[in-house]
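A short worksheet on the structure shown next.
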Amino acid sequence: MAATPDELFSYFEKLGIKFKTHQHEPVFTVEEAQAVSRELEGGHSKNLFLKDKTGDLYLLVCLEETRVDLKSLRKKIGAKNLSFGKADLLIDTLGIEPGSVTPFSLINDTDKKVFVLLDEAMMKEDYLNFHPLINDKTTQISSKDLLQFIESCGQNYRIIDPSADIPS
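Following the numbering used here, the numbering of the sequence shown begins with 531 at its first residue and continues without gaps.
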């Protein structure tokens with residue numbers, strides 16, 4: 531059974547992670563998220579659930595304005611033909627619906643199937659904002675606490691520049 535936002539917040543408290551949450555209208559895209567009131571400072575994200583030809587799964591977590599070219603990213607991480615993961619795979623693996631993709635969903639990846647890719651520029655932000663498993667809220671944590679959370683879930687991650695090598 532997938533974790534609820536309240537279970538996620540309890541997990542944060544157990545880890546000593548400080549967080550703030552802001553309620554808003556449900557949003558499904560970066561553009562919609564930019565249109566809602568932003569009461570939380572820090573970097574706002576886009577999160578891409580990706581699959582390669584061999585079945586490897588990735589979660590790219592980057593700043594919302596980051597340009598991502600899947601072909602360049604594929605070469606950078608050694609993946610085979612990256613594409614977006616289908617909704618049923620997202621639900622089965624991370625326990626969330628499309629439009630709610632977030633690194634916090636790693637709490638549901640008990641089989642540790644997803645490799646996490648973190649945007650180097652994003653990790654320089656003091657605070658980061660993500661959906662807490664549902665897209666009608668945004669939760670802020672520090673970038674340091676994001677790493678603590680990912681490590682506590684037992685996930686492997688790599689910090690990369692996903693926009694490097696993209697032709698202008």
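We put the beta carbon where it would ideally sit given N, CA and C, even for glycine.
As the structure is a computational prediction, the values presented were derived from the model and not from experiment.
On a Cα-Cα basis, can you pick out the residue from the options that is closest to residue i?
i	options	result
SER613	LEU580, GLU555 and ILE626	LEU580
ASP691	LYS654, HIS661, GLY684 and THR640	LYS654
ASP483	LEU593, LEU677, THR559 and MET652	The first residue shown for the chain is 531 and the last is 698, placing residue 483 beyond what the model contains.
Report buried or exposed for residue i, applying the criterion of at least 16 other Cβ atoms within 10 angstroms of its Cβ.
i	result
SER698	Because the pLDDT at SER698 is just 43, under 50, the model does not fix this residue reliably, and the point stays unresolved.
THR632	buried
GLN670	buried
ASP649	buried
MET652	buried
ILE626	buried
LEU624	buried
I need the boundaries of the alpha helix (DSSP H) containing residue i, first residue and last residue.
i	result
LEU545	535-545
From which residue to which residue does the beta strand (DSSP E) around residue i run?
i	result
HIS699	Here the chain comprises residues numbered 531 to 698, so residue 699 is not present and cannot be evaluated.
Quick one: which unbroken beta strand (DSSP E) runs of 3-plus residues sit fully inside the segment 560-637? Chain order, please.
-> 573-581 and 587-593
Which runs of the alpha helix (DSSP H), 4 residues or longer, sit entirely within the segment 634-698?
-> 673-682
Count the C-beta pairs between the segment 671-684 and the segment 539-548 that are closer than 8 Å, then say yes if the count reaches three, no if not.
-> Touching, yes, given that three or more Cβ pairs across the two stretches are closer than 8 Å.
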